[in-house]
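Residue numbers are given in the numbering used here: position 154 of the sequence shown equals residue 154, and the series is strictly consecutive. Ideal Cβ placement from N, Cα and C applies to all residues, glycine included. So the structure is just underneath, and the comments pick up after that.
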Amino acid sequence: METWDALRARRNVREYEDRPIGDEHLDRILEAGRRSPSSVNSQPWDFVVVTERDQLERLAQVWRGAGHVAGSAATIALIAPAHDDERRDWVQYDLGQATLSIMLAAADVGIGSGHAAVGEQELARRLLGYPDDRVCGHLVALGYPAGRPLTPIERPNRRAFDEVVHRGRW
């Protein structure tokens, strides 16, 4: 898929076919995350990839909106240093960029994705084994969409272009 098509086809997918993602595609998706831009090239992330069904089902319990993780073929946990200062905002922005890179790379190969927050850090830490000085910022569940494959969406449910875009000033 071309970049423009991947951008137009990407949507949040929370129901997946019961089939694994090949290592070639999963590694390509992870490489997209690794190559994401970050503030002063700090690359504050580590990725924990979960593919075991039992672990995915338990990981789905870290947030009330993460139920789709249980049915995913794989979920990537984005882990970052814990900060209480202004750097926390930079790290969150960087994790957001990595999340979108992961999601676009997945769409590019026909794999759906759905992101989730993490509310239960201690449960996530026990399941994923990351150190105490880190937090799990986001989860990105991946899988082949059940029912409707990814194709460019001609009329997305978005605010009108002229309502969103302001040229020169508001």
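Can you find at least 3 beta carbon pairs, one from the segment 44 to 60 and one from the segment 149 to 168, that sit closer than 8 Å?
No, the segment 44 to 60 does not touch the segment 149 to 168.
Buried or exposed (CB count within 10 angstroms, at least 16 for buried), Val135
Position 135 of the sequence shown, counted from the start, is the residue given in the question as residue 135. Buried, by the Cβ-count rule.
The segment 86 to 104 / the segment 19 to 36 touching (three or more Cβ pairs under 8 Å):
With contact defined as three or more Cβ pairs closer than 8 Å, the segment 86 to 104 and the segment 19 to 36 are in contact.
Could you check the C-alpha separation between Asp85 and Asp18 for me, to the nearest Å?
Reading the sequence shown from its first residue, position 85 is the one you call residue 85. Reading the sequence shown from its first residue, position 18 is the one you call residue 18. One C-alpha to the other measures close to 42 Å.
Complete runs of the alpha helix (DSSP H) confined to the segment 115 to 166 [at least 4 residues]
Counting only runs of 4 or more, we get 121 to 128, 161 to 164.
Nearest to Tyr16 by CA position, among Val40, Arg64, Gly33, Val69, is which residue?
Along the sequence shown, read from residue 1 onward, the residue named residue 16 stands at position 16. Shortest Cα-Cα distance from Tyr16 to any of Val40, Arg64, Gly33, Val69 involves Val69.
Endpoints, beta strand (DSSP E) assigned at Ala77:
Here residue 77 refers to the residue found at position 77 of the sequence shown. Ala77 -> beta strand (DSSP E) spans 74 to 81.
Excluding the five sequence neighbours on either side, which residues of its own chain have a C-beta within less than 6 Å of the C-beta of Ser38, listed in chain order?
Residue 38 sits at position 38 when you count from the first residue of the sequence shown. Once the five neighbours on either side are set aside, the close Cβ partners of Ser38 are Asp94.
Please state whether the Cβ-Cβ distance between Ala6 and Pro44 is less than 8 Å.
By 1-based counting over the sequence shown, the position of residue 6 is 6. By 1-based counting over the sequence shown, the position of residue 44 is 44. No, the Cβ-Cβ distance between Ala6 and Pro44 is not below 8 Å.
Consult DSSP for Gly110 and reduce its assignment to one of helix, strand or coil.
Along the sequence shown, read from residue 1 onward, the residue named residue 110 stands at position 110. Collapsing the DSSP output to three states places Gly110 in coil.
Beta-carbon proximity list for Ala82, same chain, < 7 Å, skipping 5 on both sides:
Your numbering for residue 82 matches position 82 in the sequence shown. Result list for Ala82: Asp133, Arg134, Val135, in chain order.
List the DSSP bridge partners of Val49.
Counted from its first residue, the sequence shown places residue 49 at position 49. Its beta-bridge partners are Ile76.
Do Gln97 and Ser42 have their C-beta atoms within less than 8 Å of each other?
What you label residue 97 is simply residue 97 of the sequence shown in a count that begins at 1. What you label residue 42 is simply residue 42 of the sequence shown in a count that begins at 1. A distance of 8 Å or more separates the beta carbons of Gln97 and Ser42.
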